[in-house]
Amino acid sequence: MATPAQLGLQNATSPIMEELIAFHDHALMIIFLISSLVLYIISLMLTTKLTHTSTMNAQEIEMIWTILPAIILIMIALPSLRILYMTDEFNKPYLTLKAIGHQWYWSYEYSDYEDLAFDSYITPTYFLEPGEFRLLEVDNRTTLPMEADIRMLITSQDVLHSWAVPSLGVKTDAIPGRLNQAMLASMRPGLFYGQCSEICGSNHSFMPIVLEFIYFQDFEVWASYLYIV
Amino acid sequence: MAAVPEPDEPGKRKGSCTSLRLSYWKPFKLLGILDVENIPCARDSILYGSLGSVVAGFGHFLLTSRIRRSCDVGVGGFILVTLGCWFHCRYNYAKQKIQQRITRQGMKNKLLYEGTHLDPERKQNSRNSSN
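Just so you know, the sequences run in chain order D and G.
Sequential numbering of the first sequence, starting at 1, is according to the UniProt record's numbering.
Sequential numbering of the second sequence, starting at 1, is according to the UniProt record's numbering.
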């Protein structure tokens, strides 16, 4: 999750997020160099005593400042498209989980297990235990196995919502009447927080998502425990 | 948590833990955008770029004695050297990450399969002993 006053991306939990962070660094370096060049050119323009008011054509400079940005754009577009197609790759998933957006909570259905479904409401501030995070904790966390491909089917029961978990690099719109598919894969165990990312009413900021990734065998125990309950 | 001011220092407040933590955690960003502390290869690229810029600009000045043109050469050198170091370093970093992932997976598999019929070292040893 984010630390106080954090501006950058959260640490990556999934391979896709690692790729996204690397791409972000790549684009940022290009932006930094272009900004430095522009700042330098501005300083040159402000400090020169030379003037030239009768320029008719400037073929060479026009060639340079057309071809160079085209090359830069290609350098940015190729890794971007690579990650875009990588995001849409669907390996054989171990588990399918449905996330349904409501006003103003999420419900989850584990269709691979019979009758395994629950709602996930925000924990109000006055019910928080010491050490828990305000506006991020929920009553029932979504437990998933780590190091397994998980297919998410995301939809909504009423208005538009968006299921987002930044450290996994996932943000998928929950649209009523439509099923959107996303793939999750966590490389490590732990708790990963997200929030609804599409305005959906007065309590839009109060429907968080908490994913709890645990070891495989512990997940099987958790699933069987929920059956008993 | 803010300390209560002493009676003889009415206006003076000690720094709070929160403000110190925020100032400690605030990363240094070049031009306000490039976090050179946390982005792998950024610091090295910028430093090598600066060195390349100084060498190119100063070298050009020594050869031609033209100040403005030398500054242009310096800026151009900075951009080219930074980009070159950046791509070279990131390529090696990506290769290293892949190698780390393979090694980590290999260590985990060795722990899991050691002594079982799936252990590849056991199969190899039995093949060597049969030869």
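Just so it is clear, CB atoms sit at the ideal spot from N, CA and C, and this is done for glycine as well.
What you are looking at is a predicted structure, and each value in this text was computed from that prediction instead of being measured.
Secondary-structure assignment with DSSP links Gly101/D through a beta bridge to Trp106/D, Ser156/D. Contact note: Tyr121/D does not reach chain G at a C-beta cutoff of 7 angstroms; the least C-beta distance is about 30 angstroms.
For the alpha helix (DSSP H) assignment, the uninterrupted runs of no fewer than 4 residues enclosed by the stretch 175-228 of chain D are, from N- to C-terminal side, 216-228.
Val138/D carries a strand assignment under DSSP once its states are collapsed to helix, strand and coil. In this structure Ser205/D does not touch Lys171/D by the C-beta definition: roughly 16 angstroms separates them, more than the 8 angstroms allowed. Per DSSP, reduced to three states, the secondary structure at Thr64/G is helical. As summarised for the stretch 19-99 of chain D, the continuous alpha helix (DSSP H) elements at least 4 residues long and confined to that stretch are 59-87, given in chain order. Contact annotation, Glu109/D with Lys98/D: C-beta distance approximately 4 angstroms; criterion of less than 8 angstroms satisfied. Here DSSP, grouped into helix, strand and coil, assigns Leu128/D to coil.
As computed with DSSP, Phe118/D is found in a beta bridge with Tyr108/D. Buried is the label assigned to Ala12/D, since at least 16 other Cβ atoms lie within 10 Å of its Cβ. In the DSSP assignment, Val165/D falls within the beta strand (DSSP E) that extends over 161-165. Separation of the CB atoms of Pro176/D and Gly194/D is rounded to 20 angstroms, and the pair is thereby denied contact status at 8 angstroms. Residue-level contact check: Val75/G touches chain D, since one or more beta carbons of chain D fall below 7 angstroms from its beta carbon. Sequence-distant Cβ neighbours of Glu19/D in its own chain, meaning closer than 6 angstroms and more than five residues away, are Ile83.
Distances from the CA of Leu34/G to each of Asp218/D, Leu28/D, Lys49/D were compared; the closest alpha carbon is that of Leu28/D. In this structure, Ser53/G lies near Gly77/G, with their beta-carbon atoms less than 7 angstroms apart.
As DSSP reads the structure, Thr116/G sits in no beta bridge.
Counting the other CB atoms within 10 Å of its CB gives Gln10/D a total of 16 or more, which places it among the buried residues. Residue pairing for Lys108/G: DSSP places it in no beta bridge. If the five residues before and after Val159/D are omitted, its C-beta is found closer than 6 angstroms to the C-beta atoms of Cys200, all from its own chain and listed in chain order. Annotated three-state conformation of Asp149/D is coil, per DSSP.
At least one CB of chain D lies nearer than 7 angstroms to the CB of Ile79/G. Nearest C-alpha to Glu147/D among Phe118/D, Leu184/D, Asp119/D, Ile100/D: Leu184/D. With a 10 Å radius around the Cβ and a threshold of 16 neighbouring Cβ atoms, Ser167/D comes out buried.
Contact between Val81/G and Tyr48/G holds, since their C-beta atoms are separated by about 6 angstroms, short of 8 angstroms. In terms of Cβ geometry, Ser14/D and Gly169/D form a close pair [threshold 7 angstroms].
Put simply, the CB of Ile39/G is near chain D, with a gap under 7 angstroms to one of its CB atoms.
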